[in-house]
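**Student:** As you go down the protein sequences, you meet chains A and B in turn. Each step along the first sequence adds one to the number in this note's numbering, with nothing skipped, and position 26 is 282. Each step along the second sequence adds one to the number in this note's numbering, with nothing skipped, and position 107 is 126. Backbone N, C-alpha and C define an ideal beta-carbon position, used for all residues, glycine too.
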Amino acid sequence: GAVVSQHPSWVICKSGTSVKIECRSLDFQATTMFWYRQFPKQSLMLMATSNEGSKATYEQGVEKDKFLINHASLTLSTLTVTSAHPEDSSFYICSAGPLAGVAYEQYFGPGTRLTVT
Amino acid sequence: AQTVTQSQPEMSVQEAETVTLSCTYDTSENNYYLFWYKQPPSRQMILVIRQEAYKQQNATENRFSVNFQKAAKSFSLKISDSQLGDTAMYFCASDSGGSNYKLTFGKGTLLTVNP
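1. Mind listing which residues of the region 265-298 of chain A have their C-beta closer than 9 Å to chain B's C-betas, in chain order?
2. Are the C-beta of Phe364 of chain A and some C-beta of chain B separated by less than 8 Å?
3. Taking Glu361 of chain A as the query, report the chain B residues whose CB atoms sit under 7 Å from its CB, ordered along the chain.
4. Note down, in chain order, all residues in the region 121-133 of chain B with a beta-carbon under 9 Å from any beta-carbon belonging to chain A.
5. Buried or exposed: Phe110 of chain B, going by 16 or more other Cβ atoms within 10 Å of its Cβ?
6. Would you kindly check if the distance between the Cβ of Leu96 of chain B and the Cβ of Thr39 of chain B is under 8 Å?
7. Could you say which of B:Glu29, B:Tyr51, B:Glu36 lies nearest to Ser113 of chain B if we only look at CA atoms?
8. Checking the sheet assignment: what are the DSSP bridge partners for Cys350 of chain A?
9. Going straight from the alpha carbon of Leu122 of chain B to that of Leu66 of chain B, what length do you get?
10. Compare the C-beta of Arg82 of chain B against all C-beta atoms of chain A and say whether one is closer than 8 Å.
11. Name the chain B residues that come within less than 8 Å of Pro354 of chain A, Cβ to Cβ?
12. Does the contact criterion of 3 or more C-beta pairs under 8 Å hold for the region 336-343 of chain A versus the region 273-280 of chain A?
13. So, for Lys57 of chain B: in the same chain, excluding its five sequence neighbours on each side, which residues have a beta-carbon less than 7 Å away from its beta-carbon?
14. Give the straight-line distance between the Cα atoms of Ser61 of chain B and Tyr314 of chain A, rounded to the nearest whole angstrom.
15. In terms of residues, what are the limits of the beta strand (DSSP E) holding Asp114 of chain B?
16. If the cut is a Cβ gap below 8 Å, which residues of chain E does Gln63 of chain B touch?
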């Protein structure tokens, strides 16, 4: 149980276009989801906290107009990279949880590799 | 702000031997969780072990155990009987306490298990 999926797993887009990444909790309801960014051989950096039915909370330095987050249901959060540029190329990971009544843990998706050409 | 420090960028160990990965953290919270995550080449984050700060007993999960020193804010991971499949990046992380569950990650330690 507690599976999180991401779609797509790998996307290539042209500079100036927008791309949407989906994060789904497959077997549980997630009121909170998190979006991370990971550059090669580096750690995970939290971008934003996504709460169902409300606006996302962005970390300092993250452009909220560039990285649009929508958490419209208890099983789906989306990250849209608007007007993407090559410097936005990265590995994006989402997580969900914790589950109420379960030992505290976030469950991570498999990640999405974004390449902007 | 919370900080998590992993001072060993890379480590290697021979198969079947024991290795310890270091982690220190800084937090002003009283109640918090500490984690070790594994990220293999597939890049899927996998929880290895979790420690609740209010519990004095060190957490163990099969071949994985921690040495949690709360006063020193130290949280090391010991891997016993290392296996080739343990080769991965290992990240130490702490949550921010309270109810927002945000995780702060260290920079990671690349562990290579040699045959």
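**Tutor:** The structure says:
1. Thr288, Phe290, Tyr292, Gln294, Lys297, Gln298
2. Position 108 of the first sequence holds residue 364 of chain A. Yes - at least one Cβ of chain B is within 8 Å of the one on Phe364 of chain A.
3. By one-based count along the first sequence, residue 361 of chain A stands at place 105. The answer, in chain order, is Leu66, Arg69.
4. Lys121, Leu122, Thr123, Phe124, Gly125, Lys126, Gly127, Leu129
5. Taking the second sequence and counting its residues from 1, one reaches residue 110 of chain B at position 91. Result: buried.
6. By 1-based counting over the second sequence, the position of residue 39 of chain B is 20. By 1-based counting over the second sequence, the position of residue 96 of chain B is 77. Annotated as proximal: Thr39 of chain B and Leu96 of chain B, with beta-carbon spacing under 8 Å.
7. Taking the second sequence and counting its residues from 1, the one referred to as residue 113 of chain B is at position 94. It is B:Tyr51.
8. Locating residue 350 of chain A in the first sequence gives position 94, counting from the first residue. In DSSP, Cys350 of chain A forms a bridge with A:Trp291.
9. Reading the second sequence from its first residue, position 103 is the one you call residue 122 of chain B. Reading the second sequence from its first residue, position 47 is the one you call residue 66 of chain B. Distance between the alpha carbons of Leu122 of chain B and Leu66 of chain B is about 13 Å.
10. By 1-based counting over the second sequence, the position of residue 82 of chain B is 63. Judged by the 8 Å Cβ criterion, Arg82 of chain B is not in contact with chain A.
11. Stepping through the first sequence from its first residue, residue 354 of chain A is reached at position 98. Chain B residues near Pro354 of chain A: Tyr120.
12. yes
13. One-based indexing of the second sequence puts residue 57 of chain B at position 38. Answer for Lys57 of chain B: Ile65, Val67, Ala107, Tyr109, listed in chain order.
14. Here residue 61 of chain B refers to the residue found at position 42 when the second sequence is read from its first residue. Here residue 314 of chain A refers to the residue found at position 58 when the first sequence is read from its first residue. Distance between the alpha carbons of Ser61 of chain B and Tyr314 of chain A: 27 Å.
15. Along the second sequence, read from residue 1 onward, the residue named residue 114 of chain B stands at position 95. Residues 107-114.
16. In the structure shown, chain E does not exist; the protein chains are A and B.
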